[in-house]
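Visitor: Here it is: the structure, laid out below.
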Amino acid sequence: MLRIEGLSTGYSARPVLSGVSINVEAGQFVAIVGPNGAGKTTLFKTISGILKPSAGTITFEGHDLLSTPPSRRPHLGIAHVPEGRQVFPSLTVMENLEMGAVTEAGRRDWKNNIERIFEWLPVLAERRAQFAGTLSGGQQQMLAIGRGLASSPKLLMLDEPSMGLAPTTADLIFDRLIEIRKQTKLTILLVEQRVAEALESADHGYVLEAGRVALEGDKQTLRADDRVRRAYLGM
Amino acid sequence: MSQFIESFLQAMTAGLLIGAVYGLMCVGLGLIFGVMRVINFAHGDFMMLGMYAAFYLFTLAGVQSVFGNTVGPFVAILLAGPILAVFGYAIHALLISRVSGTKTASLEGEGHYAQLILTLGIALILQNGGLIVFGSVLASIRTPLSSSAWELGPFFDISIFVNRARGIDAIVSFATMILLTLLITRSRIGKSLRAAADNPTAATYMGIDVDRAHRTAFAIGTGVTAIAGGLLATNYPFHPFVGLDYVIVMYAGVVLGGMGSIIGAFWGGMTIGLVQQMSTIVLPTQLQNAAIFVVFLLIIFFRPQGFFGRMVERT
Amino acid sequence: MSLQRPIVAIAAFAVIYAAVSLSITNSYYQLIMTLVLVWAIFGLSWNLLSGYTGLISFGHAAFFGIGAYTTALGQIYFDLSPWLSIPIAAMLGGVAGLLVGFPTFRLQGHYFALAMLAYPLAILYVFEWLGFQEMTLPIKRDNPIAYMQFSDPRVYTLLALVMLIGTILLTRTVERSRFGMALLAIKQNQAAAEAAGINTLAWKLRAISLSGAIAGAIGAFYAVVLLVVTPQSVFGMLVSAQALTVAMFGGVGTVWGPVIGSVILIPLAEILNAEAGTRFPGIQGVIFGLAIISVILLAPEGLFWKVRDIWRRRQLSQLSSEPRDVPATATVTQLPVSVRRDRAATPEDVILEVRNLSRSFGGLKAVQNVSFKLHRNEILGIIGPNGAGKTTLFNLLNGFLRPDTGEVLLEGQDVFARKPHELCEAGVARTFQIMRPFQRMSISDNVVVGAYVRAKTDAKARELAADAISRVGLSSIADRIAGELSTKELRLMELARALAGQPKILLLDETLAGLGHDEADEVVTVIQRLARDNITIAIIEHTMQAMVRLVDNFLVLDHGAVLLEGKPETVTCDTRVIEAYLGKKWVAHAAH
Chain A
30 MLRIEGLSTG YSARPVLSGV SINVEAGQFV AIVGPNGAGK TTLFKTISGI
80 LKPSAGTITF EGHDLLSTPP SRRPHLGIAH VPEGRQVFPS LTVMENLEMG
130 AVTEAGRRDW KNNIERIFEW LPVLAERRAQ FAGTLSGGQQ QMLAIGRGLA
180 SSPKLLMLDE PSMGLAPTTA DLIFDRLIEI RKQTKLTILL VEQRVAEALE
230 SADHGYVLEA GRVALEGDKQ TLRADDRVRR AYLGM
Chain B
231 MSQFIESFLQ AMTAGLLIGA VYGLMCVGLG LIFGVMRVIN FAHGDFMMLG
281 MYAAFYLFTL AGVQSVFGNT VGPFVAILLA GPILAVFGYA IHALLISRVS
331 GTKTASLEGE GHYAQLILTL GIALILQNGG LIVFGSVLAS IRTPLSSSAW
381 ELGPFFDISI FVNRARGIDA IVSFATMILL TLLITRSRIG KSLRAAADNP
431 TAATYMGIDV DRAHRTAFAI GTGVTAIAGG LLATNYPFHP FVGLDYVIVM
481 YAGVVLGGMG SIIGAFWGGM TIGLVQQMST IVLPTQLQNA AIFVVFLLII
531 FFRPQGFFGR MVERT
Chain C
14 MSLQRPIVAI AAFAVIYAAV SLSITNSYYQ LIMTLVLVWA IFGLSWNLLS
64 GYTGLISFGH AAFFGIGAYT TALGQIYFDL SPWLSIPIAA MLGGVAGLLV
114 GFPTFRLQGH YFALAMLAYP LAILYVFEWL GFQEMTLPIK RDNPIAYMQF
164 SDPRVYTLLA LVMLIGTILL TRTVERSRFG MALLAIKQNQ AAAEAAGINT
214 LAWKLRAISL SGAIAGAIGA FYAVVLLVVT PQSVFGMLVS AQALTVAMFG
264 GVGTVWGPVI GSVILIPLAE ILNAEAGTRF PGIQGVIFGL AIISVILLAP
314 EGLFWKVRDI WRRRQLSQLS SEPRDVPATA TVTQLPVSVR RDRAATPEDV
364 ILEVRNLSRS FGGLKAVQNV SFKLHRNEIL GIIGPNGAGK TTLFNLLNGF
414 LRPDTGEVLL EGQDVFARKP HELCEAGVAR TFQIMRPFQR MSISDNVVVG
464 AYVRAKTDAK ARELAADAIS RVGLSSIADR IAGELSTKEL RLMELARALA
514 GQPKILLLDE TLAGLGHDEA DEVVTVIQRL ARDNITIAII EHTMQAMVRL
564 VDNFLVLDHG AVLLEGKPET VTCDTRVIEA YLGKKWVAHA AH
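Protein chains in written order, with the numbering used here: chain A, 30 to 264; chain B, 231 to 545; chain C, 14 to 605.
Right, here's the structure in full:
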């Protein structure tokens, strides 16, 4: 579904990503892990169009993403749940969800989607009239996920959903994600620092280090490899 | 004693009436400055253009002959709004967008420096260009309503006179305000605007074209202030430099009302109107505007977050 | 940099201008010659505040008008000669600057500009109410020269020329001294300037006071030249706008900018006004408006800089035959790669002690009860997963944030909640993740700003800067412009700037970010050398591979609290640390 080949991005002569190649098949749950500064968020921003790469290609269901303007990409079926939640603070929970549904698919499936979103994430139903800026971190994360789902996506991308959240809250989020995946067979691309949680539910994982793919494999392979620990801790 | 009370109440009434129009004026700037965080130094001059647009629609374009002197002015004013909205849209597309929105979102200060200077340049051109095109002769939109008044009372020897023209101005202001609020809060366009203003990055992730949203907000803000200007023009003569008189009023109202809040901007403008009119009880008329400046300075020193509106964290 | 070349330029300009002026007999054109100089001086005064600090003032007309009315009222009511009232106006302008600056500098960006706008307009309303509509200076037939009334208008031009030269020399002296450098540092990055020991409020007040004084003096002169003063003509918005426009059009932050702007725009506007003024009244304003718009869109820093940049680029492309990168890397003195420091030699005494430091933001506990000791000459690495509170800790240590509770003792002295520039004076220096150097200035000029906190004289500051530059290995390229440096060289320059203040403790914030493997090694070597030279270092860095070779100890933070402190070998294998980075379930799985 999503094919990234030889992607390189960078601000000047110092590349942040070099020659990254990642493959996400339909229905897969792919996790990208790596220490801080490895280039994970840059990768996401390049897929979403906020950043332009210097080399490489990104294809989504045959569409060349790089020639699609950023505000059009969601309409192709890519939902981006950004780093740090990025809710609309002065809009209510309901209005945030409505904003997620500005895509054609989102508008078409709104009635169905909103029911199921409230089912999976009941806290959103309870607080639908509350201003998003007053929600707790965990609630905002759920709202961001709900907002992503509201666009009726084919691919759901999540950028470090556990960041800034207490471990128990993060666990809750991951549980919800697994639940949603079971029921929808949605394709998910997850970027996470917390490797264990990320690989727990993933079919396939990539370890990014200093802008390159250092390792890849399924969760059994990666868990047994000490190189993962070394990528994070240096020795 | 009763004379003092009467003067007081009369001043307060005058303040409320003009405050309603100031409120609408501030709402226009509130959309641009308060919500989009774009500095528009030329907003008073857009208002001036609105006044002249209404004037020429009324006199030369035949609105007066079709609708007469009582309804005509208001028709012209309401027509001037969309015309100025288009003008605002064009200015944003050609000039303002180069120094705001997604282009400058990552710069320190969000490009405010460049916006200040650019809009100052636009202001100069509009003011002086206006002088060339419209001349320096004072203009006004005459309506017989401004020379008649409704009498409230008498209660205990006290009567309050509500000037008909100003009364209708206030009513039109409130009506426009209500329509605008409905648009912003209920419609999809309005919500997209608010989302784009709240968090442009996230809005792009959702598929909202942030630059277009900004352009629309700018256009609406310009149109709304133009209508307010036209309403003011029925009571006060104006000239190409009139924008300067009001730009501080507008900023004072928006800041007083609290940034990011459109309703707040309306009440902020209302407050400024009250301050202005009621200051005449103690100050000579010529110092009215100086009083507003002092209030403005006091606000930005002691309470820059304003009084009304929501205090919600911006991402 | 010697003063010779600019003095020659200034002298040449003066001579040419005087010659042109003397040859013009038409009194209207002569007036334009005078006015060009008046607006150039006014532009220079605006530049002194807004061009150098970046704080845009829309209200310089306040000072100008005060000056004009000093002359007018002085002469009409007190029979005061302009020879006296001009210096008095300068003083009044300076005082007004202080009065305005003190409260208004507390405001940020656009609020500052709006407030500055309000002052002259408010004064204008007051003056109109006071009845000072149009004031004409009385003609003194019996003693004209004592009242600066000359029959030959060329004298006014020459007087103005003298004033201009004086202003240029004054501005130039300021520009090259620590005054100017401090202002530029404030413009680049106020927070970093504070952290480098610059008392930003004090310098800003000095700038606005000097600026107001010059504006007042030239306003006073303006009244003498025109002989008529109205509130609108000296307090009005166009007056402020003109000062701003000539400076911005010609070039901000440089002495020649306002002069260039004035020489081009004023005659243009005045002549257009004279020719087309009756049919197009206000053509002046339109010209200025167009000038401002074109400048901000096409050459935001003004004509002077645009031309210079283009000229420099041409020069460089002619020299492009030599590969630039090779000499640069060769000059950074190489030491054998990453020698680990001798543990036994590390002294025991504690230079910084932090006890129970805490800081919350609303409900979020960013830093919780953090305690640790920094030993003299130690290199401490502060690590932890994202959001662990590392940068917040640095911000607390260098004064950007006020701690809620806790104690911070620097060499035994309590430095809790001190301001950034005070902490810098006490010996705490800091680098930043995002560098904002003076793009157009040399490494030496960029580094010297860091030395002001320690050096009493400018000469001493240059010495300290040169020393710092050699310690990081950049001496051979010390004259190169910052805009042409590589990331590695920029990072080393940042380091030098922090070193120039002779700190005891260096807080390094992601110094290795954006560097390739070899470059990171070079910088690591430099840092190790510094520690050996009696500086204590705390460093936040994500590139763990480099860190494990650099540091003596790690301090691991997680969710704002200290998780562990210890040697790299211990820390990187500790279960809790692995859990913090990789997740709880990792250890469980890996242990099979």
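Built from N, CA and C at the ideal position, the CB exists for glycine as well. This one's a predicted model, so the numbers in the text were calculated from it and none came from an experiment.
Using a Cβ-Cβ cut-off of 8 Å, state whether Ile493 (chain B) counts as contacting chain A.
Guide: As a working note, residue 493 (chain B) is residue 263 in the second sequence. No - not a single Cβ of chain A is within 8 Å of the one on Ile493 (chain B).
Visitor: What are the partner residues of His92 (chain A), as DSSP defines its beta bridges?
Guide: In the first sequence, the residue the question calls residue 92 (chain A) occupies position 63. Its beta-bridge partners are A:Phe89.
Visitor: Just to confirm the assignment: which complete alpha helix (DSSP H) runs, minimum length 4, are found wholly within the stretch 115 to 189 of chain C?
Guide: 122 to 143 and 167 to 189
Visitor: State the Cα-Cα distance for the pair Ile217 (chain A) and Gly402 (chain C), rounded to the nearest angstrom.
Guide: Within the first sequence, the letter at position 188 stands for residue 217 (chain A). Within the third sequence, the letter at position 389 stands for residue 402 (chain C). Each residue's Cα considered, the two are about 30 Å apart.
Visitor: So the candidates are A:Gly135, A:Gln159, A:Gly63 and A:Ser100; which of them puts its Cα closest to the Cα of Phe117 (chain A)?
Guide: Your numbering for residue 117 (chain A) matches position 88 in the first sequence. Per the Cα distances, A:Gln159.
Visitor: In whole angstroms, what is the alpha-carbon distance linking Val436 (chain B) and Leu184 (chain A)?
Guide: For the purposes of this step, residue 436 (chain B) is identified with residue 206 of the second sequence, where counting begins at 1. For the purposes of this step, residue 184 (chain A) is identified with residue 155 of the first sequence, where counting begins at 1. According to the sequence as given, residue 436 (chain B) is Met; it is not Val. Taking the straight line from one Cα to the other gives about 13 Å.
Visitor: Given that Met128 (chain A) touches chain B, what residues does it touch there, using C-beta distances under 8 Å?
Guide: In the first sequence, the residue the question calls residue 128 (chain A) occupies position 99. Ordered by position in chain B, the residues that pass the 8 Å Cβ test against Met128 (chain A) are Lys421, Ser422, Ala425, Ala433, Met436 and Ile438.
Visitor: Which partner residues of Leu233 (chain A) appear in the DSSP bridge assignment?
Guide: Within the first sequence, residue 233 (chain A) is the residue found at index 204, counting from 1. For clarity, residue 233 (chain A) is His in the given sequence; the question names Leu instead. Looking at the DSSP output, His233 (chain A) bridges to A:Val59.
Visitor: Whole angstroms is fine: what's the gap from Arg321 (chain C)'s alpha carbon to Gly263 (chain C)'s?
Guide: In the third sequence, the residue the question calls residue 321 (chain C) occupies position 308. In the third sequence, the residue the question calls residue 263 (chain C) occupies position 250. Near 12 Å, if we compare the C-alpha coordinates of Gly263 (chain C) and Arg321 (chain C).
Visitor: Determine the closest residue to Val268 (chain C) out of C:Leu177, C:Ala226, C:Val584 and C:Gly229, with distance taken between C-alpha atoms.
Guide: By 1-based counting over the third sequence, the position of residue 268 (chain C) is 255. It is C:Leu177 whose Cα lies nearest to the Cα of Val268 (chain C).
Visitor: What residue range is occupied by the uninterrupted beta strand (DSSP E) comprising Lys378 (chain C)?
Guide: As a position in the third sequence, residue 378 (chain C) is number 365, starting the count at 1. Unbroken beta strand (DSSP E) run through Lys378 (chain C): Leu377 to His388.
Visitor: For the beta strand (DSSP E) that Asp571 (chain C) lies in, which residues bound it at each end?
Guide: Indexing the third sequence from 1 puts residue 571 (chain C) at position 558. For Asp571 (chain C), the enclosing beta strand (DSSP E) has its first and last residue at Asn566 to Asp571.
Visitor: Using DSSP bridges, identify the partner residues of Asp188 (chain A).
Guide: Here residue 188 (chain A) refers to the residue found at position 159 when the first sequence is read from its first residue. In DSSP, Asp188 (chain A) forms a bridge with A:Val220.
Visitor: Could you compute how far the alpha carbon of Ser295 (chain B) sits from the alpha carbon of Leu409 (chain B)?
Guide: Sequence index remark: in the second sequence, residue 295 (chain B) carries index 65 (1-based). Sequence index remark: in the second sequence, residue 409 (chain B) carries index 179 (1-based). Straight-line Cα distance between these residues: approximately 28 Å.
Visitor: By the DSSP assignment, the alpha helix (DSSP H) with Glu582 (chain C) in it spans what residues?
Guide: The sequence position of residue 582 (chain C) within the third sequence is 569, counting from 1. It spans Pro581 to Cys586 - the alpha helix (DSSP H) in which Glu582 (chain C) sits, taken as one unbroken run.
Visitor: Below 7 Å on C-beta distance, what does Arg396 (chain B) contact in chain C?
Guide: Stepping through the second sequence from its first residue, residue 396 (chain B) is reached at position 166. Those do not exist, as Arg396 (chain B) stays about 23 Å from chain C at its closest Cβ, beyond 7 Å.
Visitor: Between the Cα of Leu105 (chain A) and the Cα atoms of A:Pro182, A:Leu164 and A:Tyr235, which residue gives the shortest distance?
Guide: Taking the first residue of the first sequence as 1, we reach residue 105 (chain A) at position 76. Leu105 (chain A) has its Cα closest to that of A:Pro182, out of A:Pro182, A:Leu164 and A:Tyr235.
Visitor: Tell me the DSSP secondary structure of Phe413 (chain C) in three-state form.
Guide: To locate residue 413 (chain C), count along the third sequence from 1; it is residue 400. Looking at Phe413 (chain C) - three-state DSSP - the assignment turns out to be coil, as it is neither helix nor strand.
Visitor: Express the C-alpha separation of Gly375 (chain C) and Ser384 (chain C) in angstroms, rounding to a whole number.
Guide: Numbered from its first residue, the third sequence carries residue 384 (chain C) at position 371. Numbered from its first residue, the third sequence carries residue 375 (chain C) at position 362. Ser384 (chain C) and Gly375 (chain C) have their alpha carbons spaced roughly 22 Å apart.
Visitor: Mark Ala215 (chain C) as exposed unless 16 or more other C-beta atoms lie within 10 angstroms of its C-beta, in which case mark it buried.
Guide: As a first step, residue 215 (chain C) is located in the third sequence; it is residue number 202 there, counting from the start. Label assigned to Ala215 (chain C): exposed.
Visitor: Closest by CA to Cys256 (chain B), which one among B:Thr455, B:Leu474 and B:Gln516?
Guide: By 1-based counting over the second sequence, the position of residue 256 (chain B) is 26. Minimum Cα distance to Cys256 (chain B) is reached at B:Thr455.
Visitor: For His606 (chain C), count the other beta carbons within 10 Å of its own beta carbon; 16 or more makes it buried, fewer makes it exposed. Which is it?
Guide: For chain C, the structure presents residues 14 to 605; residue 606 (chain C) sits outside this window and is missing.
Visitor: Within the continuous alpha helix (DSSP H) that includes Thr446 (chain B), where are the two ends?
Guide: Reading the second sequence from its first residue, position 216 is the one you call residue 446 (chain B). Per DSSP, Thr446 (chain B) belongs to the alpha helix (DSSP H) from Val440 to Ala463.
Visitor: With a threshold of 8 Å between beta carbons, is Met250 (chain C) in contact with chain B?
Guide: Your numbering for residue 250 (chain C) matches position 237 in the third sequence. For Met250 (chain C), the answer is yes, since a Cβ of chain B falls inside 8 Å of its Cβ.
Visitor: Whose C-beta lies closer than 8 Å to the C-beta of Leu61 (chain C) among residues of the same chain, with five residues either side of it excluded?
Guide: On the third sequence, residue 61 (chain C) is found 48 positions in, with the first residue counted as 1. For Leu61 (chain C), where only same-chain residues beyond five positions count, the Cβ hits under 8 Å are Thr184, Val187, Ala220, Leu223, Ser224 and Ile227.
Visitor: Going by other Cβ atoms of all chains shown within 10 Å of its Cβ, with 16 needed for buried, is Ala593 (chain C) buried or exposed?
Guide: Locating residue 593 (chain C) in the third sequence gives position 580, where the first residue counts as 1. So Ala593 (chain C) ends up on the buried side.
Visitor: Hey, Trp497 (chain B) and Gly253 (chain B) are a contact pair by Cβ (cut 8 Å); roughly how many whole angstroms apart?
Guide: Along the second sequence, one-based indexing puts residue 497 (chain B) at 267. Along the second sequence, one-based indexing puts residue 253 (chain B) at 23. Right, their Cβ atoms sit about 7 Å apart.
Visitor: Bridge partners of Leu52 (chain A), per DSSP?
Guide: Mapped onto the first sequence, residue 52 (chain A) falls at position 23. Checking the sequence, you will find Asn at residue 52 (chain A) rather than Leu. In the DSSP output, where bridge partners are listed per residue, Asn52 (chain A) has A:Arg32.
Visitor: Taking 8 Å as the CB-CB cut-off, is Gln357 (chain B) touching chain C?
Guide: Locating residue 357 (chain B) in the second sequence gives position 127, counting from the first residue. With 8 Å as the cut-off, Gln357 (chain B) counts as an interface residue toward chain C.
Visitor: Rounded to whole angstroms, how far is the Cβ of Ser366 (chain B) from the Cβ of Pro294 (chain C), which I believe are closer than 8 Å?
Guide: Here residue 366 (chain B) refers to the residue found at position 136 when the second sequence is read from its first residue. Here residue 294 (chain C) refers to the residue found at position 281 when the third sequence is read from its first residue. Yes, Ser366 (chain B) and Pro294 (chain C) are in contact; Cβ-Cβ is about 7 Å, under 8 Å.
Visitor: Quick check on the DSSP output: what are the complete alpha helix (DSSP H) runs of length 4 or more inside the stretch 323 to 395 of chain B, in order along the chain?
Guide: 342 to 364
Visitor: Which residue from B:Ile371, B:Ala315, B:Phe317 and B:Met407 puts its Cα closest to that of Leu290 (chain B)?
Guide: Numbered from its first residue, the second sequence carries residue 290 (chain B) at position 60. Per the Cα distances, B:Ile371.
Visitor: Chain A partners of Gly499 (chain B), CB-CB under 7 Å?
Guide: Indexing the second sequence from 1 puts residue 499 (chain B) at position 269. Under the 7 Å cutoff, chain A gives no residues; its nearest Cβ is about 20 Å from Gly499 (chain B).
Visitor: Counting only beta-carbon separations shorter than 8 Å, does Ile347 (chain B) have a partner in chain C?
Guide: Looking up residue 347 (chain B) in the second sequence gives position 117. Output row for Ile347 (chain B): interface = yes.
Visitor: Please state the DSSP three-state secondary structure of Val110 (chain A).
Guide: Counting from one through the first sequence, the residue named residue 110 (chain A) turns up at place 81. Correct three-state label for Val110 (chain A): strand.
Visitor: Can you name, in chain order, every residue of its own chain whose Cβ lies under 7 Å from the Cβ of Glu366 (chain C), other than the five neighbours on each side?
Guide: On the third sequence, position 353 is the one that residue 366 (chain C) refers to. The answer, listed in chain order, is Lys386 and Leu422.
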